[in-house]
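The structure under discussion appears below in the form of structure tokens.
Right, here's the structure in full:
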């Protein structure tokens, strides 16, 4: 709630840690800010406890901890940056949606 997401947005962040496909499946139920934050987080933090962990363990087990820390730090950094930029980004999205709706109405 501190980030302005609903329950589905929070669930999406947790799901992304294993696999971002689960997050994309519930994305239509998220509020706009939840969508923005989830996508930003998923760019770096997706699969940290899923596929990438398994691959890293199989190739070089000494790198498990650095990969987990690196992906989580990058994901949290993206989350913080997206949260800071959210008001500007979401207002642009809302303006473009309103413009598209207005253009669609004038065409009819």
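Residue numbers (the working numbering): -4 to 103. C-beta: ideal position from N, C-alpha, C; glycine also.
Which of the three DSSP states is assigned to residue i in this structure?
i	result
residue -2	coil
residue 7	helix
residue 33	helix
residue 41	coil
residue 26	coil
Looking only at its chain, what residues have a beta carbon closer than 7 Å to the beta carbon of residue i, apart from the 5 residues adjacent to it on each side?
i	result
residue 67	40 and 43
residue 78	-2 and 32
residue 84	31
Please report how far the alpha carbon of residue i lies from the alpha carbon of residue j, in whole angstroms.
i	j	result
residue 27	residue 35	13 Å
residue 93	residue 19	25 Å
Grab me the residues of residue i's own chain with a C-beta within less than 6 Å of its C-beta, minus the 5 sequence neighbours each way, in chain order.
i	result
residue 17	10
How many whole angstroms separate the CB atoms of residue i and residue j, which I take to be in contact at a CB cut-off of 8 Å?
i	j	result
residue 45	residue 13	4 Å
Cβ of residue i less than 9 Å from any chain B Cβ?
i	result
residue 7	Absent from the structure is chain B; it holds one protein chain and no more.
Count Cβ pairs between the stretch 65 to 73 and the stretch 40 to 49 that sit closer than 8 Å; are there 3 or more? Yes: at least three Cβ pairs fall under 8 Å.
Evaluate the contact criterion for the stretch 79 to 91 versus the stretch 10 to 30: three or more CB pairs, one atom per stretch, below 8 Å. yes
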